[in-house]
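**Q**
What follows is the structure in structure tokens.
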């Protein structure tokens, strides 16, 4: 049985004081939750703070992105090796905001994920369709293209990868895929991974991301191929994030 995993993506939010308070609340609130793996992905400047405040707890920390290069003259870049030095466990790659706002192509996403794997960390590869693509019936075609791009890299990686289905139309909009829509997309992704030669496909954790809230988390997490969530806005509110963790623990 796959363990439930919930990651909080803080995006570009917060300051030192608010980060301190949120980390303390999540550390304390997650201490008694069994059956769910918990992690937070703060902005780069607060990863050291996360490491200091979460070390020794059951809450891990990860990064929101990574440079596709190991080192060198890449001003502003952060390498996977640096993230490993800070004790990160997971790294988001291919988030829709990186794809749409910063131009990350499928090829760039693959190179970033490969760097993360080489550093001994777990890439969280994000995939998903826009509203226009869904309404035109292109959801599976878009997911197939994005998943196929990483299959060759993931085939030898075993279970050292997570995929996150995040329908772009449901991110920060208040819209949420229905539990059945989420299940259908997750089942398609898992079958596509298997068809692409990823033997570990039945064991890979697939997360849902897109306006997950305490009110809908339990129903989403009850679906057989939904193994947890990549939580955006709700991860910035300790009570909401902990309620989502509780829903995942109950389903774990």
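Numbering (this note's numbering), first residue to last: 983 to 1234.
Each residue gets a CB set at the ideal place from its N, CA and C atoms; glycine is no exception.
On a Cα-Cα basis, can you pick out the residue from 1124, 1174, 1151 that is closest to residue 1134?
**A** Position 152 of the chain shown, counted from the first residue, corresponds to residue 1134. When each option's Cα is compared against that of residue 1134, the closest is 1174.
**Q** Taking the runs of the beta strand (DSSP E) that are 3 residues or longer, which of them lie wholly in the stretch 1052–1086?
**A** DSSP runs (the beta strand (DSSP E)) wholly in the stretch 1052–1086: 1072–1075.
**Q** Drop a sphere of 10 angstroms on the beta-carbon of residue 1162, count the other beta-carbons inside from all chains shown, and report buried for 16 or more, exposed for fewer.
**A** The residue given as residue 1162 occupies position 180 in the chain shown. By the neighbour-count rule (16 or more Cβ atoms within 10 Å), residue 1162 is not buried but exposed.
**Q** Within its chain, find whatever has a CB closer than 8 Å to the CB of residue 1102; leave out the 5 residues flanking it on each side and keep chain order.
**A** In the chain shown, counting from the first residue as 1, residue 1102 sits at position 120. Result list for residue 1102: 1066, in chain order.
**Q** Please classify residue 1217: is it buried, with 16 or more other beta-carbons within 10 angstroms of its beta-carbon, or exposed?
**A** Reading the chain shown from its first residue, position 235 is the one you call residue 1217. Classification for residue 1217: buried.
**Q** Using 10 angstroms around the beta-carbon of residue 1083, count the other beta-carbons present and answer buried if the total reaches 16, otherwise exposed.
**A** Numbered from 1 along the chain shown, position 101 holds the residue referred to as residue 1083. The residue in question, residue 1083, is exposed, as its Cβ has fewer than 16 Cβ neighbours within 10 Å.
**Q** Are the CB atoms of residue 1192 and residue 1159 nearer to each other than 7 Å?
**A** Here residue 1192 refers to the residue found at position 210 of the chain shown. Here residue 1159 refers to the residue found at position 177 of the chain shown. Against a cut-off of 7 Å, the Cβ pair of residue 1159 and residue 1192 comes out as a contact.
**Q** Can you tell me which residues form a DSSP beta bridge with residue 1108?
**A** Within the chain shown, numbered from 1, the residue matching residue 1108 stands at position 126. For residue 1108, which the question treats as bridged, DSSP gives the partners 1146.
**Q** Going by beta-carbon coordinates alone, are residue 1176 and residue 988 separated by less than 7 Å?
**A** Locating residue 1176 in the chain shown gives position 194, counting from the first residue. Locating residue 988 in the chain shown gives position 6, counting from the first residue. Their beta carbons are not under 7 Å apart, which means residue 1176 does not touch residue 988 by this criterion.
**Q** Counting only the same chain and skipping the five closest in sequence on each side, list residues whose C-beta sits under 7 Å from that of residue 1032.
**A** Your numbering for residue 1032 matches position 50 in the chain shown. So the list reads 1005, 1022, 1024, 1043, once near-sequence residues are dropped.
**Q** Please return the same chain residues whose Cβ sits closer than 6 Å to the Cβ of residue 1029, not counting the five positions on each side in sequence.
**A** Working through the chain shown from its first residue, we reach residue 1029 at position 47. Within the same chain, residue 1029 has close Cβ partners 1068.
**Q** Might you give, ordered along the chain, the residues of its own chain that have their beta carbon closer than 7 Å to the beta carbon of residue 1179, omitting 5 neighbours on each side?
**A** If you number the chain shown from 1, residue 1179 lands on position 197. The answer, listed in chain order, is 1133, 1137.
**Q** Taking the continuous alpha helix (DSSP H) assigned at residue 1090, which residues delimit it?
**A** Along the chain shown, read from residue 1 onward, the residue named residue 1090 stands at position 108. Start and end: 1088–1100.
**Q** In whole angstroms, what is the alpha-carbon distance linking residue 1225 and residue 1126?
**A** As a first step, residue 1225 must be located in the chain shown, where it is residue number 243. As a first step, residue 1126 must be located in the chain shown, where it is residue number 144. Roughly 33 Å separates the two Cα atoms.
**Q** How many Å lie between residue 1149 and residue 1002 at the Cα?
**A** Position 167 of the chain shown, counting from 1, holds the residue named residue 1149. Position 20 of the chain shown, counting from 1, holds the residue named residue 1002. C-alpha separation (whole angstroms): 31 Å.
**Q** Which whole-angstrom value is the C-beta distance of residue 1039 and residue 1013, which I expect to be below 8 Å?
**A** Counting from one through the chain shown, the residue named residue 1039 turns up at place 57. Counting from one through the chain shown, the residue named residue 1013 turns up at place 31. Going by Cβ atoms, the distance from residue 1039 to residue 1013 rounds to 7 Å, so yes, they are a contact pair.
**Q** Please classify residue 1206 as buried or exposed, where buried requires at least 16 other C-beta atoms within 10 Å of its C-beta.
**A** For the purposes of this step, residue 1206 is taken as residue 224 along the chain shown, with counting starting at 1. Under this definition residue 1206 is an exposed residue.
**Q** Check whether the Cβ atoms of residue 1208 and residue 1164 lie closer than 7 Å to each other.
**A** Here the question's residue 1208 lines up with position 226 in the chain shown. Here the question's residue 1164 lines up with position 182 in the chain shown. Their beta carbons are under 7 Å apart, which means residue 1208 touches residue 1164 by this criterion.
**Q** In angstroms with no decimal places, state the Cα-to-Cα distance between residue 1128 and residue 1075.
**A** For the purposes of this step, residue 1128 is identified with residue 146 of the chain shown, where counting begins at 1. For the purposes of this step, residue 1075 is identified with residue 93 of the chain shown, where counting begins at 1. Using only the alpha carbons, I get a separation of about 12 Å.
**Q** Can you give me the start and stop residues for the alpha helix (DSSP H) that residue 1156 sits inside?
**A** Along the chain shown, read from residue 1 onward, the residue named residue 1156 stands at position 174. Element bounds for residue 1156: n/a, residue is neither H nor E.
**Q** On the DSSP bridge assignment, give the partners of residue 991 in chain order.
**A** Here residue 991 corresponds to residue number 9 of the chain shown, with the count starting at 1. According to DSSP, residue 991 bridges with 1023.
**Q** Thinking C-alpha only, which one of 1203, 1071, 1183 is nearest residue 1048?
**A** Stepping through the chain shown from its first residue, residue 1048 is reached at position 66. Of 1203, 1071, 1183, the residue nearest in Cα terms is 1071.
**Q** Just grab the DSSP bridge partners of residue 1195 for me.
**A** For the purposes of this step, residue 1195 is taken as the residue at position 213 of the chain shown. DSSP output for residue 1195 lists no bridge partner at all.
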